[in-house]
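Just remember that the numbering used here sits 4 ahead of the position in the sequence shown, which is counted from 1. Data block below; observations after.
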Amino acid sequence: MLRLIFALVVNTFLLLFFPLRHWRRRRAVGRTGWVHLRVDGPLLDLPRPRKHWTELLKSRGQKQELNLHRLAEVLDDLATDERARGLLVTLASVGGGAARLRSLRELLEGLRAQGKHVIVHLPQGASLRELTLAACADALWMDPAASIAPLGVAASVPYVKDALDRVGVEAEVYARGRYKTAAENLARATMSEPQRQQLGELLDDLFEDGVAALCAGRRVERERVLEWIEQSPCAARDALERGIVDALVTDQELTERLLAWPGVPPEPRAPGDAPPAGRARGHRVPTRTEPVGIGTYARRRRVRFVSWRPRDYVAVIDVHGAIVSEARPGVVVAAERPLVHALERARKDPRARAVLLHVDSRGGSALASARILRAVRQVRAVKPVVAYFCDVAASGGYMIGVGAQRIVAQPVTLTGSIGVVAAKPVAGELLKRLGVHLETIRRGERVDMFSPARALRLDEREAFERELELVYDDFIRVVAEGRGRGDEEIRRVAEGRVWSGRAALREGLIDRLGGFRDALEEARALVERGAELEPRLLQGVPWGGAVLGALGRSWMGRSWMGRSWMGLSWMGLSWMGLSGRGLSGAGVAVGWIESLLGRGALGRGGLPWLETWLLAEEGCRIAAHCDVEVAS
């Protein structure tokens, strides 16, 4: 009843002012006919609500996020606006992985295909990322003081075995899958051949995608693009001479250059066109010749009445970050309980006609991944489920996705990594150097097998490896069932190998290439009369116990518990340098050493690692007590 009253009031108000809103809608683009989009922050497929008050404090002064789904709606409207000439895009700072950049590029290409001009301005220069995005424009301008950075792609992996040896720490790494190299940089001094091979092939795919985009966008031959790459870096004037950019334009000259662009009407001079402050002066009449910001344009164009009843929708479940069992305040993770709760909400809500899994995760806990997959299958039993793989869907992230009926990924999405890995620090030598003598009283022959004070014995290692083998076999079986293929077929493409989205399609690990909008269309197509369904982000309830537990552990001197294995889970794939996110192997090593030394807790008269060992329970093998986590 309250919703009906609210809808009547709002819609009546909109009807009363409809003539004014219609006039504003027609003149939304302004005098120049140009709309200005400034990209200066992370790219998101959907708005990401902040879950914790600490995130609100962090958001002050941060760069503005760009919601690609909402941007797509505005650009669709812009394409049908007869008064609009085109879009000016300022690429100041582009955050996000290769898949999100490709999604933005496809939106700009779609706008051009519908007859609108697109001009890209580079005020701070460009690397291959920005050039790949900007190449789709009608014209590419750059600030005269900017420059082109060294072009290409690279991945650097720190191998820290020698550093760990110096402080008396050894890493025991157990993996199933020849290419499951997530933790090899902790136990090796140099890169293994399988890692070198898969890294090289992934870089080849990323590099070729960038070269192809430059060839198509700049309308030049491949040899010329390779010449640009070999001759980089270069100053703005050299970039202009070589044809990388079309003009050198400062921020102050943008409006003037836009007015000179074909199809723009001459500058108006009527006093009525001036803002009130300008009319009051006796000087030259200032005119509204600045491009309209895309936010202002969207507000002016939007005329949407409120529905008197709740509408059906596509529930979007965001699997973002390392997959863990419990949420941690201030850390972006894909926690099991909130995700399972969100899936339950989607399953029980009759208005959620379909579910779209938005996966951007390198994996993490095998146990949490299996439980989330179980919840996905329960949803699939009653309504359609589609998965979209964003920048990366590897290991546990891929496991969750195979529960969907259809999988969509970008050609540059990092996909697969079907394998299992676990790592354990051995710090007996470090404790000896520090003069720490550990006395252990145990009931159970293997209860302390994951203690960081000693290495695994032969029988313990064999038992643990058998467990990993079972986890790996379960992973293979789950993928085979989800993809409708045999176990041996999946084993051939598994082995922990990471594929690009294009290669994953060839190997049958996904169903089609595309972006978030394509995945949304897949979900709509699986629902009867679902063409108009809007996506809605669903989240689980915040778990206050996780916050209080973290505060309590920190106060008790045990905040280190799980910090090291969390670092390992975040690391996920040891070649994370490709996207510039996550922890490096060096960071994991430092975390281990700090944990073992009890840094931050010694001042309170406690040794957290000693307290942790005393808390060990029979059969406990989870990383909360022993710094070991089976990751997938």
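Each residue gets a CB set at the ideal place from its N, CA and C atoms; glycine is no exception.
Q. Do you know how far the Cα of P354 is from the Cα of D81?
A. Within the sequence shown, the letter at position 77 stands for residue 81. Within the sequence shown, the letter at position 350 stands for residue 354. Distance between D81 and P354, taken at the CA atoms: about 31 Å.
Q. Is G401 near R357, with beta carbons less than 8 Å apart?
A. Your numbering for residue 401 matches position 397 in the sequence shown. Your numbering for residue 357 matches position 353 in the sequence shown. For G401 and R357, no; Cβs fall outside 8 Å.
Q: Could you pull out every residue in the same chain whose Cβ sits closer than 7 Å to the Cβ of A88, ignoring the five residues on either side in sequence?
A: Translated into positions along the sequence shown, residue 88 becomes position 84. Scanning its chain for C-beta atoms nearer than 7 Å, with the 5 sequence neighbours on each side dropped, one finds around A88 the residues V33, G37, V39, L82 and K120, in chain order.
Q.
Considering only DSSP beta bridges, list what A143 is partnered with.
A. Translated into the one-based positions of the sequence shown, residue 143 becomes position 139. According to DSSP, which records beta bridges pairwise, A143 is partnered with I123.
Q. Between the segment 150–160 and the segment 123–134, do three or more beta carbon pairs fall short of 8 Å?
A. By the C-beta criterion, the segment 150–160 is judged to be in contact with the segment 123–134, since at least 3 inter-stretch pairs fall below 8 Å.
Q: Could you have a look at W503 and say whether DSSP puts it in helix, strand or coil?
A: Start at 1 with the first residue of the sequence shown, and residue 503 comes out as number 499. Three-state DSSP puts W503 in a strand.
Q. For I494, which three-state DSSP category applies?
A. For the purposes of this step, residue 494 is taken as residue 490 along the sequence shown, with counting starting at 1. It is helical.
**Q.** P539 versus E245, T136, I321 and A175, residue with shortest Cα-Cα distance
**A.** Residue numbering aside, residue 539 sits at position 535 when the sequence shown is read from its first letter. Taking only the C-alpha atoms, the option nearest P539 is I321.
Q | Cβ-Cβ distance between G214 and T136 below 8 Å | A | Your numbering for residue 214 matches position 210 in the sequence shown. Your numbering for residue 136 matches position 132 in the sequence shown. Yes, the pair counts as a contact, with Cβ atoms nearer than the cut-off.
**Q.** Reduced DSSP secondary structure (H/G/I, E/B, other) of R180
**A.** Start at 1 with the first residue of the sequence shown, and residue 180 comes out as number 176. Here R180 sits in strand by DSSP.
Q | Runs of alpha helix (DSSP H) wholly within the segment 307–373 (minimum 4 residues, chain order) | A | Within the segment 307–373, the complete alpha helix (DSSP H) runs of at least 4 residues fall at 340–352.
Q. Using the C-alpha atoms, what's the distance from V502 back to Y317?
A. Stepping through the sequence shown from its first residue, residue 317 is reached at position 313. Stepping through the sequence shown from its first residue, residue 502 is reached at position 498. Between the alpha carbons of Y317 and V502 lies a gap of roughly 33 Å.
Q) Between V337 and A346, which are expected to be in contact by the criterion C-beta below 8 Å, what is the C-beta distance as a whole number of angstroms? A) Here residue 337 is taken as the residue at index 333 of the sequence shown, counted from 1. Here residue 346 is taken as the residue at index 342 of the sequence shown, counted from 1. Cβ-Cβ separation between V337 and A346: approximately 14 Å, too far for a contact (criterion under 8 Å).
**Q.** Bridge-paired residues (DSSP) for P46
**A.** The residue given as residue 46 occupies position 42 in the sequence shown. Paired residue(s): G99.
Q. By how many angstroms is the C-alpha of G448 removed from the C-alpha of G100?
A. For the purposes of this step, residue 100 is identified with residue 96 of the sequence shown, where counting begins at 1. For the purposes of this step, residue 448 is identified with residue 444 of the sequence shown, where counting begins at 1. If you draw a straight line from the Cα of G100 to the Cα of G448, it is about 49 Å long.
Q) Unbroken beta strand (DSSP E) runs of length 3 or more, entirely within the segment 161–207: which are they? A) The segment 161–207 contains these whole beta strand (DSSP E) runs: 174–180.
(Q) Here's the rule: buried if 16 or more other CB atoms are within 10 angstroms of the residue's CB, otherwise exposed. What is E231? (A) Taking the sequence shown and counting its residues from 1, the one referred to as residue 231 is at position 227. Flag for E231 reads exposed.
**Q.** Pick from L418, A251 and L377 that is closest to V406, judged by C-alpha positions
**A.** As a first step, residue 406 is located in the sequence shown; it is residue number 402 there, counting from the start. It is L377.
Q) Under 8 Å between the Cβ atoms of G544 and R384? A) For the purposes of this step, residue 544 is identified with residue 540 of the sequence shown, where counting begins at 1. For the purposes of this step, residue 384 is identified with residue 380 of the sequence shown, where counting begins at 1. Pairing G544 with R384 gives a Cβ-Cβ distance that is not under 8 Å.
Q: Mind reading off the beta-carbon distance from L252 to L244? Whole number of angstroms is fine, and I expect it under 8 Å.
A: Counting from one through the sequence shown, the residue named residue 252 turns up at place 248. Counting from one through the sequence shown, the residue named residue 244 turns up at place 240. Separation of the CB atoms of L252 and L244 is rounded to 6 Å, and the pair is thereby assigned contact status at 8 Å.
(Q) Rounded to the nearest angstrom, what separates V594 and K165 at their Cα positions? (A) Numbered from its first residue, the sequence shown carries residue 594 at position 590. Numbered from its first residue, the sequence shown carries residue 165 at position 161. Its pLDDT being 48, under 50, V594 is placed unreliably by the model, and nothing is read from it.
Q) What number of angstroms, rounded off, separates the C-alpha of E493 from the C-alpha of F393? A) Residue mapping note: residue 493 aligns to position 489 of the sequence shown, counting from 1. Residue mapping note: residue 393 aligns to position 389 of the sequence shown, counting from 1. Distance from the CA of E493 to the CA of F393, rounded to the nearest whole angstrom, comes to 22 Å.
Q | Environment of I248 [buried if 16+ CB atoms lie within 10 Å] | A | Residue mapping note: residue 248 aligns to position 244 of the sequence shown, counting from 1. By the neighbour-count rule (16 or more Cβ atoms within 10 Å), I248 is buried.
**Q.** Ranges of the alpha helix (DSSP H) found wholly within the segment 217–250, counting only runs of at least 4
**A.** Runs of the alpha helix (DSSP H) inside the segment 217–250: 226–235 and 240–246.
Q) In whole angstroms, what is the alpha-carbon distance linking L75 and Q256? A) Walking along the sequence shown from the start, residue 75 turns up at place 71. Walking along the sequence shown from the start, residue 256 turns up at place 252. Straight-line Cα distance between these residues: approximately 26 Å.
(Q) Quick check on the DSSP output: the beta strand (DSSP E) that includes E538 runs from which residue to which? (A) Locating residue 538 in the sequence shown gives position 534, counting from the first residue. First-last of the beta strand (DSSP E) with E538: E538 to L542.
Q. What residue range is occupied by the uninterrupted beta strand (DSSP E) comprising D85?
A. Position 81 of the sequence shown holds residue 85. DSSP places D85 outside any beta strand (DSSP E), giving it a letter other than H or E.
Q | Beta-carbon gap between V430 and E176 smaller than 8 Å | A | Mapped onto the sequence shown, residue 430 falls at position 426. Mapped onto the sequence shown, residue 176 falls at position 172. Yes, Cβ-Cβ distance for V430 and E176 is below 8 Å.
Q | Closest Cα partner of A508 within the set A220, R470 and I422 | A | If you number the sequence shown from 1, residue 508 lands on position 504. With respect to the C-alpha of A508, the residue from A220, R470 and I422 having the closest C-alpha is I422.
Q. In whole angstroms, what is the alpha-carbon distance linking R222 and A467?
A. On the sequence shown, residue 222 is found 218 positions in, with the first residue counted as 1. On the sequence shown, residue 467 is found 463 positions in, with the first residue counted as 1. Cα-Cα distance, rounded: 58 Å.
Q) CA-CA distance, F520 and D49? A) To locate residue 520, count along the sequence shown from 1; it is residue 516. To locate residue 49, count along the sequence shown from 1; it is residue 45. Straight through space, the alpha carbons of D49 and F520 are spaced by roughly 7 Å.
Q | For F393, the first and last residue of its enclosing beta strand (DSSP E) | A | For the purposes of this step, residue 393 is taken as the residue at position 389 of the sequence shown. In this chain, the beta strand (DSSP E) harbouring F393 covers V389 to A398.
Q | N-terminal and C-terminal residue of the alpha helix (DSSP H) that T259 is part of | A | Position 255 of the sequence shown holds residue 259. Per DSSP, T259 is one residue of the alpha helix (DSSP H) stretching across L258 to L263.
Q: Determine the direct distance from the alpha carbon of V229 to that of A216, and round the result to whole angstroms.
A: Numbered from its first residue, the sequence shown carries residue 216 at position 212. Numbered from its first residue, the sequence shown carries residue 229 at position 225. Straight-line Cα distance between these residues: approximately 9 Å.
**Q.** Pairwise C-alpha distance: R226 and D704
**A.** Outside the displayed span of the chain (5 to 636) sits residue 704, for which this structure offers no information.
Q) Any contact of the segment 427–443 with the segment 454–461, i.e. 3+ C-beta pairs under 8 Å? A) Touching, yes.
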